[in-house]
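These protein sequence lines map, in sequence, to chains A and B. For the first sequence, the positions run 132 to 327 when our numbering is used. For the second sequence, the positions run 310 to 400 when our numbering is used. Below is one structure; the comments refer to it alone.
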Amino acid sequence: MSVAVGQVLTSPKKLGMWLFLVSDALTFTALILCYGYVRMASPAWPKPFDFSPGILFSTLMTFVLLTSSLTMVMAVDSMRKDQRGRTAKWIVATILCGAGFIALHMTEWRHMMAEGVTLRTNPWGDPLFGATFFGLTGLHMAHVASGIVYLGILGAGVRMGRFTEEDVEVGGLYWHFVDLVWMFLFPLVYLTAVKP
Amino acid sequence: MKKYLAVWGVLLALTAVEVLLAYMNTPLAVMLGLLIGLSLVKAGSIVAWFMHMATERRALMWTLFPAFIFIALALLSILPDASRALQMVER
């Protein structure tokens with residue numbers, strides 16, 4: 132008795148992406164754990180984030196990233212209805228949101244560097260802040276940047292008539308994961324370090 | 310389509326609640342608890358609807374579930390230390 136693959140299994144591409152995402156989540160878990168541990172061991176952990184630009188920018192970044200997730204599901208939805216032109220447009224919208232996120236983040240990073248925050252020192256006393264801050268947010272930003280490249284290739288291919296509905300969905304899985312990680316980084320890194 | 314818009318709206322609203330929480334004089338333990346809870350709800354919503362886990366074959370969910378649990382427990386494993394650190398600051 133032969134059974135179509137789709138009936139018994141999740142497609143290999145989708146399962147592969149999910150397994151990658153789980154292992155990537157463990158990488159972030161390790162970094163977040165280190166951040167938490169170092170932070171708990173330092174009674175005078177810096178609380179450097181003023182409302183502006185720190186919290187205002189990171190809140191905006193959260194909104195931009197959530198919106199990019201919305202445009203990405205719209206892309207997957209359009210591809211399901213076989214509307215390739217629309218799909219490509221939604222993917223471009225997602226890329227623009229991702230680029231906006233990076234632009235906001237770099238502005239914020241430059242602001243902090245101008246205040247004297249480096250990997251090893253900061254102006255607020257306890258030197259243990261820079262490495263975890265730049266490490267966590269930097270790894271996340273690297274994910275956003277590679278996501279933009281990924282979606283660029285995907286969008287261009289969709290426009291040229293290549294790739295299937297499933298390929299777009301798998302690309303969407305990666306993009307939503309990057310959004311999901313930020314849902315933890317934003318409260319952990321920013322909201323618990325608001326300047327009192 | 311409407312479903313996705315609704316999820317997006319809820320995620321934005323929960324983010325706004327989190328930011329408000331950071332500026333209200335909530336006791337730190339309550340604030341941490343709420344932030345953890347809200348983050349898990351947000352992550353769960355993204356996985357369920359944006360990543361289609363809710364409409365996916367159950368087997369995929371059960372394949373990944375142990376890893377999800379491990380990640381959540383690993384992230385929460387230092388929470389007892391957090392409460393000790395709070396007392397350290399207050400003293």
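Every residue, glycine too, gets a C-beta built ideally from N, C-alpha and C. Remember, it's a predicted structure, so these values are computed and weren't measured experimentally.
Between the options, which lies nearest to residue i when the distance is taken from Cα to Cα?
i               : options                           : result
F308 of chain A : B:K312, B:A363, B:I355 and B:L329 : B:I355
R293 of chain A : A:R170, A:Q214, A:A230 and A:P177 : A:Q214
A156 of chain A : A:D310, A:T323, A:S199 and A:L322 : A:D310
I233 of chain A : A:F159, A:L191 and A:L322         : A:L191
Y321 of chain A : A:S200, A:T263 and A:L227         : A:T263
A175 of chain A : A:F260, A:V312 and A:F317         : A:F260
L369 of chain B : A:G147, A:G278, A:H271 and A:F317 : A:G147
W221 of chain A : A:L152, A:L235, A:V289 and A:F317 : A:V289
Taking its Cβ as the centre, do 16 or more other Cβ atoms sit within 10 Å of residue i, making it buried, or is it exposed?
i               : result
M360 of chain B : buried
G167 of chain A : buried
I284 of chain A : exposed
V339 of chain B : exposed
G229 of chain A : buried
G82 of chain A  : There is simply no residue 82 of chain A to check, as chain A begins at 132 and stops at 327 in what is shown.
W313 of chain A : buried
D257 of chain A : exposed
P177 of chain A : buried
M171 of chain A : buried
V134 of chain A : Reliability of the predicted coordinates at V134 of chain A is poor, the pLDDT of 48 falling under 50, and no value is obtained from them.
S189 of chain A : buried
Using a C-beta cutoff of 8 Å, does residue i count as contacting chain C?
i               : result
R366 of chain B : The displayed structure is made up of protein chains A and B, and chain C is not among them.
Who are the Cβ neighbours of residue i in its own chain at under 6 Å, not counting the five residues just before and after it?
i               : result
D181 of chain A : K326
V335 of chain A : Any property of residue 335 of chain A remains undetermined from this structure, which presents chain A solely from 132 to 327.
S200 of chain A : H307 and D310
G247 of chain A : P254
Only counting the same chain, and skipping five residues up and downstream in sequence, which positions put a Cβ closer than 7 Å to that of residue i?
i               : result
G321 of chain B : In the sequence on display, residue 321 of chain B carries Leu and not Gly. None.
M132 of chain A : With a pLDDT of 44 at M132 of chain A, under the threshold of 50, the predicted position of this residue should be treated as unreliable, though the coordinate-derived value follows. Answer for M132 of chain A: no residue qualifies.
K351 of chain B : L320 and L323
G266 of chain A : L162
G137 of chain A : Residue confidence is low: G137 of chain A scores 49 on pLDDT, short of 50, so the model does not pin down where it sits. No coordinate-derived value is stated.
T249 of chain A : G261
K311 of chain B : none
Does residue i come out as helix, strand or coil in the three-state DSSP assignment?
i               : result
F180 of chain A : strand
V325 of chain A : strand
T335 of chain B : coil
R290 of chain A : helix
E246 of chain A : coil
F232 of chain A : helix
Among residues of its own chain, excluding the 5 on either side of residue i, which ones have a beta-carbon nearer than 8 Å to its beta-carbon?
i               : result
E399 of chain B : Note that E399 of chain B scores a pLDDT of 48, beneath 50, so its modelled location is shaky; the value from the coordinates is reported in the next line. Result list for E399 of chain B: empty, nothing under 8 Å.
P184 of chain A : T238, E239 and H242
Assuming residue i contacts residue j under a Cβ cut-off of 8 Å, what Cβ separation, rounded to an integer in Å, is found between them?
i               : j               : result
L164 of chain A : A383 of chain B : 6 Å
L349 of chain B : L330 of chain B : Contact doesn't hold; Cβ gap of about 15 Å is too wide.
W358 of chain B : V316 of chain B : 5 Å
V280 of chain A : T218 of chain A : Actually they do not touch by this definition, with Cβ atoms about 18 Å apart.
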